[in-house]
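Those protein sequence lines, which keep their order, are chains A, B and C. With our numbering applied, the first sequence corresponds to residues 23 to 522, in that order. With our numbering applied, the second sequence corresponds to residues 157 to 487, in that order. With our numbering applied, the third sequence corresponds to residues 5 to 319, in that order.
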Amino acid sequence: MENIVLEARNITKRFPGVLALSNVNFRLVKGKVHALMGENGAGKSTLMKIIAGIYQADEGNVFLHGEKVVFHTPKQALTNGISMIHQELSPILDMTIAENLFLGKEFCKGKFIDYRRMNSEATALMERVGVDLPPTMLMKELSVSQMQMIEIAKALAYNAEIIIMDEPSATITEREIANLFEIIQGLKEDGRCIVYITHKMDEVFRIADEITVFRDGQYIGTYDADDIDENQLVVKMVNRELTEIYPKKNNKAADEILRVENLCQKGVFEDISFTLRKGEILGFSGLMGSGRTEVMNALFGITHPTSGTIYINGEKVDKPNPRKIISKGIGYVTEDRKGNGLVLEMSVYDNTILPSLSKLSNRMGVVNRRKALEVAEEYKEKLKIKTPGLQQTVKQLSGGNQQKIVLAKWLIQNPDIIIFDEPTRGIDVGAKTEIYKLVANLAEEGKAIIFISSEMPEILGMSDRVIVFYEGKKTGELSIEEATQERIMMYASDVEKGGA
Amino acid sequence: MKKRLLSMFLVLAMAASMLMGCSTGTESSDGGSSETEEKTEKKDGYTIGCTVYYMTEFITLMVEGMEEKAKELGCNLVMLDAQNDAQNQITQVENLIAQKVDIIVVAAVDSDAIVPAIEMCENAGIPLVGVNMLINTDQPYHYVGPDDVLAGELEMQHAIDEIGGKGNVVILEGPIGQSAQIQRLEGNMNVLKKYEGKVELLAQQTANWSREEALSLVENWIETFGGKINAVVAQNDEMALGAIQALEAAGVKDKVVVTAVDAIKDGCNAVKEGKLLGTVYQDAALEGQEAVQKAYDVLEGKVTEKKLDYIDMPWITTENVDDLLTTIYAD
Amino acid sequence: MGEKTRGFDKKWIQTYMLIFIVIGLGVILSFISSNFLTVTNLLNVVRQIAVNGILAIGMTIVCLTGGIDLSVGSIVAFSGIIAAGMLRDTGYPIIIIVLAAIVVGAVCGLYNGYFVAYWNAAPFVVTLSMMTIARGMTYVYSDGRPISNLRTEFLTIGKGSIAGIPIPTLILVVVFILGSIMLTKLKFGRYVYAVGGNENAAMVSGINVKRIKMMVYVLSGIACGIAAIILTARVSAGLPQAGESYELDAIAATVIGGTSLSGGRGRLWGTIVGAVLLGIVNNGLDLLNVSSFYQQIVKGLIILGAILIDSKRNS
């Protein structure tokens with residue numbers, strides 16, 4: 023019994039119009055990794071934010087070492103040994119690693135900051151999480167995974183007893199995940215408690231000792247990781263059997279529609295050539311930052327390539343910009359929904375019809391509202407977007423529904439080529455399957471699809487052909503028959519050249 | 157939701173209490189008479205509406221004079237500040253008319269922009285008295301104020317006399333376009349014209365009534381003209397004081413004459429110390445008193461002819477500066 | 005179900021809270037000043053808010069894209085002085101002079117918009133530069149002196165009324181209707197909100213973000229031109245110092261009306277109600293003979309109150 027470090031009892035939390043948590047329980051045992059699972063909106067993050075002092079519970083209590091505690095600020099939680107690493111990292115980019123690590127508790131000599139001590143302490147901390155970087159490096163020069171490691175080091179700086187990680191693996195690559203797990207293992211042996219929030223089934227079984235499942239703000243249960251298997255867990259999470267994650271595909275590749283030749287962007291990627299055919303799903307694989315997204319941004323005209331040519335339907339595209347590319351029949355479901363996919367303050371209706379407004383308005387620029395509403399409604403039905411109404415602002419919808427709105431935006435345009443960049447990131451299992459089905463159907467209708475993903479099973483499950491990137495170069499191209507996880511991994515880490 | 161409603165109500169209440177609090181505050185300050193209706197019923201309890209351009213030190217003194225006089229005559233004074241915004245002043249005249257005051261006294265933000273107010277008052281049957289700032293119209297109107305042209309003439313004449321009728325002068329102007337600047341400059345130029353060929357105007361530039369701006373401006377002039385400057389004619393005391401600082405810093409104060417207009421306390425002290433040759437005194441309190449007196453006389457029918465009344469503007473030098481320093485500027 | 009209806013109520017109340025406040029303030033004022041609730045006075049108020057209302061409409065459109073326009077006051081002075089100069093020096097019909105003032109405003113706006121949109125310069129800085137340039141050009145053109153003795157037909161724009169409604173008010177209403185149509189019925193309006201809400205998403209959606217950003221400043225400039233005509237006619241002179249600090253009142257009305265300065269959220273009618281609120285407060289405090297020192301404090305508290313309500317709404 024003494025092993026219980028933290029316990030939350032009968033927690034209830036309401037947000038305007040939503041019951042986020044209903045009477046849930048949760049406990050943490052010393053020296054264990056506790057996975058928190060559930061679909062998006064199940065209440066995992068909300069509970070953790072209550073524990074970390076970001077939100078306050080409407081009802082119920084939190085006990086730390088048997089004593090009732092109420093944290094009003096993250097700072098209070100932190101000084102009591104609870105640290106939370108957020109899904110969306112927010113370091114101060116123009117400050118150094120050391121400054122970020124000790125933000126709010128700088129070492130001082132008198133009134134002056136003792137940089138020497140701060141830097142040496144920072145180096146020591148980073149060593150503990152296996153990062154070898156100069157402490158004076160600016161945060162903005164770091165990769166996402168490195169930033170994450172710094173966040174973990176920061177938790178150690180506070181000597182946190184409980185470290186909460188909210189989907190730490192969502193934005194980092196396989197290899198970095200392995201590194202992360204090693205560190206978690208070390209922390210665990212140190213006697214700390216880790217809460218690990220994730221959607222990824224395989225990770226849970228690799229790392230977790232205990233698993234707690236939430237569904238729709240309800241506590242479903244806590245299980246020993248050895249006593250439960252993947253299928254049982256999915257059933258607990260979604261309350262339905264997932265017979266088949268990836269749909270059966272009946273698409274056939276036809277004529278070439280897109281050809282990219284020797285596309286270069288100095289310092290970002292070089293010499294990228296590939297072709298795409300109608301009715302084909304072309305998988306783009308590779309590690310984070312290997313240049314996949316950057317190539318797509320250049321193709322779509324968001325950034326400007328230094329050299330190379332793009333042919334759409336055999337026609338050369340001069341000086342691409344998004345407007346021109348859209349008019350040539352390309353749609354781009356971007357990686358970063360919140361960054362450049364949606365206008366979060368706007369309604370479902372406004373977002374859905376945004377790229378189509380020109381087609382939906384007359385010569386004077388007056389929008390035909392009835393027609394626009396019809397179209398938005400049609401696609402809402404078609405993609406099964408779950409929203410109280412078309413006038414709902416999209417920021418209040420779940421990730422899966424947001425992603426569908428981004429998709430709807432482009433489908434209305436009826437493009438011939440659709441680029442999907444990490445279309446299933448951060449959305450729950452049920453919504454993922456729906457997205458897969460949609461993509462397969464589009465290919466079947468004869469659309470050409472570029473499908474970018476960091477998740478290997480997704481690439482293998484969806485693609486007809488796979489192109490692998492490594493550090494801004496195309497390192498391999500495989501047909502689906504030749505592609506295996508191992509071979510893709512080899513190209514993606516450039517272990518071995520060629521050999522196709 | 158309750159909380160939110162409450163917070164809104166609080167904001168509202170805050171604003172409302174502010175309104176009421178202030179209005180009662182000012183009413184109690186105007187000496188005895190408490191209820192607005194009562195005042196208008198009283199036979200000689202005229203309500204004088206007044207809008208001034210901005211609460212400068214001068215205007216504050218003038219307003220004190222007006223309040224004093226109003227109290228003496230048993231009148232009620234409504235005082236508004238247009239904050240240097242010509243449109244706002246028109247708005248305030250409209251508001252005073254809506255309030256049905258008996259007479260309106262205006263210290264104009266701008267001599268031109270106030271012209272529509274004359275017509276507005278005429279239509280409403282409310283007489284208008286200008287104070288301190290002339291109104292740029294051909295029609296006759298009631299006015300009490302300084303003769304800024306005369307002030308400009310005075311300071312230039314004394315400066316030129318001091319340097320022996322020949323040499324080089326520079327002029328520090330007020331904000332371009334303000335009637336005080338325009339009229340004082342007109343006065344400056346009237347005198348300069350008489351000395352054509354003998355007195356040269358090296359430079360004229362605005363320092364916006366400001367001591368700091370004048371300081372750097374004169375520093376630059378000393379740099380440019382070296383020892384050629386014989387006199388600095390400043391259109392107000394503040395700028396003259398800035399000029400004196402610059403001249404002292406350059407070690408040439410002894411060779412340069414400075415004159416000004418306004419006779420504020422700092423200016424008088426500088427006169428007493430011999431740094432400022434002289435300054436034209438505009439008696440703010442007297443001006444305010446006379447304006448209210450004139451308004452009262454207009455209402456009583458004692459004054460019928462619309463004309464400009466200039467108040468006396470004595471030239472203040474070491475000889476008479478103590479009169480001011482021991483009276484209105486006594487600590 | 006209960007949750008849902010309550011949610012609806014709340015939204016409704018928040019949306020119209022501002023109007024309640026204005027009405028509430030009006031009721032309070034009519035109790036403490038017998039002169040407030042008279043036809044003449046109410047007509048005064050609506051005439052008085054015309055200039056700020058029109059400027060605030062332009063400002064709102066700029067703020068919706070996440071920008072800000074600090075140059076409106078100076079542009080008003082410049083357009084106004086040009087109009088006054090043309091009235092003095094030429095015999096052109098009034099309509100030409102009105103158009104000229106609007107064109108001058110639009111050109112100044114184009115300067116703002118061009119550098120903000122195509123040079124990615126910070127709106128605060130670009131419009132600050134326009135603010136001093138326009139003021140300087142005003143002084144150069146006018147030699148620092150007011151231009152007066154304008155034609156009486158022109159002055160009618162400021163003083164006259166049609167069917168009892170002051171002409172400045174009618175112009176405000178027309179500008180408001182045009183602005184509302186632009187923001188709600190035209191695709192341009194959707195683009196403005198999209199650019200302010202998420203510039204990247206707007207670009208990826210194929211919107212010509214730069215052009216939209218430039219256009220909003222041009223519109224603000226046009227609003228300045230219109231406001232300049234009213235102002236010049238009202239004070240019957242072109243004043244070099246006109247419009248000083250008007251940008252602050254325009255921003256105040258915009259913010260009180262619930263428009264977010266970070267862009268993407270706000271409504272034009274809110275801005276108009278904000279302008280009315282400021283106008284009523286100004287008028288009420290004048291009628292009550294409240295010293296201008298207190299007036300400024302009250303104004304500041306109202307702006308603070310509006311921001312507090314807004315941040316509550318978003319929390």
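Where is the CB? At the ideal position from N, CA and C, for every residue including glycine.
Worksheet entry | 7 Å Cβ cut-off: residues of chain E touching B/V234 | Annotation note: the requested chain E is absent from the structure, which comprises protein chains A, B and C.
Fill in: Run of the alpha helix (DSSP H) containing A/E466, from where it starts to where it stops
V451 to E466
Worksheet item: Can you find a CB in chain C that lies within less than 8 Å of the CB of A/G330?
Response: no
Item to complete: Give the interface partners of C/T342 over in chain B, defined as CB-CB distance under 8 Å, in chain order.
Response: Residue 342 of chain C is absent from the structure shown; chain C starts at 5 and stops at 319.
Worksheet item: Three-state secondary structure (DSSP) at A/I33?
Response: Reduced to three states, the DSSP call for A/I33 is strand.
Item to complete: Identify the continuous beta strand (DSSP E) that holds A/R281 and give its terminal residues.
Response: E278 to Q287
Discussion item. Counting only Cβ pairs nearer than 8 Å, list the residues of chain A close to C/Y145.
Written reply: Among the residues of chain A, none has a CB under 8 Å from the CB of C/Y145; the nearest is roughly 35 Å distant.
Worksheet item: Between the C-alpha atoms of B/G187 and B/K227, what's the straight-line distance to the nearest angstrom?
Response: With a pLDDT of only 39 at B/G187, under the threshold of 50, the placement of this residue in the model should not be trusted; the figure read from the coordinates follows. Approximately 7 Å between the Cα atoms of the pair.
Worksheet item: How would you call A/S523, buried or exposed, if buried means at least 16 neighbouring beta carbons within 10 angstroms?
Response: Residue 523 of chain A lies beyond the residue range present for chain A, which begins at 23 and ends at 522; the question has no answer from this structure.
Discussion item. For C/D290, would you say it is in contact with chain B, using Cβ-to-Cβ distances shorter than 8 Å as the test?
Written reply: yes
Practice prompt. Kindly confirm or deny that the region 314 to 330 of chain B and the region 276 to 288 of chain B touch, where touching means at least three C-beta pairs closer than 8 Å.
Written response: no
Discussion item. Using only CA atoms, which one of B/A242, B/A441 and B/N476 lies nearest to B/L217?
Written reply: B/A441
Discussion item. Give me, in chain order, the residues of the same chain whose beta-carbon lies closer than 7 Å to that of A/Y137; leave out the 5 immediate sequence neighbours on both sides.
Written reply: none
Item to complete: Using three-state DSSP, classify A/G213 as helix, strand or coil.
Response: Note: A/G213 maps to coil in three-state DSSP.
Worksheet item: Near A/K454, which residues of its chain fall below 6 Å by C-beta distance, leaving aside the five closest residues on each side in sequence?
Response: T446
Item to complete: Please compile the residues from chain C whose C-beta is within a distance smaller than 7 Å of the C-beta of B/A242.
Response: Close partners of B/A242 in chain C (Cβ separation under 7 Å): V239, L243 and A246.
Practice prompt. Measure the C-alpha to C-alpha separation of B/E368 and C/W123 and round it to an integer number of angstroms.
Written response: 36 Å
Worksheet entry | Neighbouring residues, chain C, relative to B/E223 (Cβ below 7 Å) | Taking a Cβ-Cβ cut-off of 7 Å, B/E223 has no neighbours in chain C, whose nearest Cβ is about 12 Å from it.
Item to complete: Show which residues of chain C have a CB atom less than 9 Å away from the CB atom of A/E367.
Response: Y197, G200, G201, N202, S264, G267, G268 and R269
Practice prompt. Determine, using beta carbons only, whether A/T409 and A/N390 come nearer to each other than 8 Å.
Written response: no
Worksheet item: What does a CB cutoff of less than 7 Å around C/T275 pick up in its chain, not counting 5 residues either side in sequence?
Response: So the qualifying residues of the chain are A60, I61, T64, A257, T258, G261 and T263.
Discussion item. Does A/M386 pass the burial test, meaning 16 or more other C-beta atoms within 10 Å, or should it be called exposed?
Written reply: exposed
Worksheet entry | Where the alpha helix (DSSP H) containing B/N364 begins and where it ends | First-last for B/N364: undefined, no H or E at that position.
Worksheet item: Is the Cβ-Cβ distance between C/L91 and C/L154 less than 8 Å?
Response: yes
Worksheet item: Looking at A/K393 and the ligand MG, is the gap between the Cβ and the nearest heavy atom below 7 Å?
Response: Only the bare structure without any ligand can be found here, which leaves the ligand MG out of the picture.
Fill in: Three or more C-beta pairs below 8 Å linking the region 158 to 166 of chain C and the region 244 to 251 of chain C
no
Practice prompt. Measure from the C-beta of A/K350 to each C-beta in chain C and report whether the shortest distance is under 8 Å.
Written response: no
Practice prompt. Assign A/H326 to buried or exposed, taking buried as 16 or more other Cβ atoms, counted over all protein chains shown, within 10 Å of its Cβ.
Written response: exposed
Worksheet item: Hey, does C/S296 have any beta-carbon neighbour from chain A nearer than 8 Å?
Response: no
Practice prompt. Compute the Euclidean distance between the alpha carbons of C/F158 and B/Y202, then round it to the nearest angstrom.
Written response: Distance between C/F158 and B/Y202, taken at the CA atoms: about 36 Å.
Practice prompt. List in chain order: all unbroken alpha helix (DSSP H) runs of 4+ residues lying wholly within the region 232 to 276 of chain B.
Written response: 242 to 254
Worksheet item: Quick one: is A/K426 near chain C, going by C-beta distance under 8 Å?
Response: Answer no: the Cβ-Cβ gap between A/K426 and chain C never drops below 8 Å.
Discussion item. I'd like to know whether the C-beta atoms of A/V370 and A/K402 end up nearer to each other than 8 Å.
Written reply: yes
Worksheet item: Just reading off the alpha helix (DSSP H) that A/E143 is part of, what are its end residues?
Response: Y137 to R150
Worksheet item: Starting from A/T234 and walking both ways along the beta strand (DSSP E), at which residues does that stretch end?
Response: Residues E232 to R237.
Fill in: Buried versus exposed, by CB contacts within 10 Å (16 or more), A/E504
exposed
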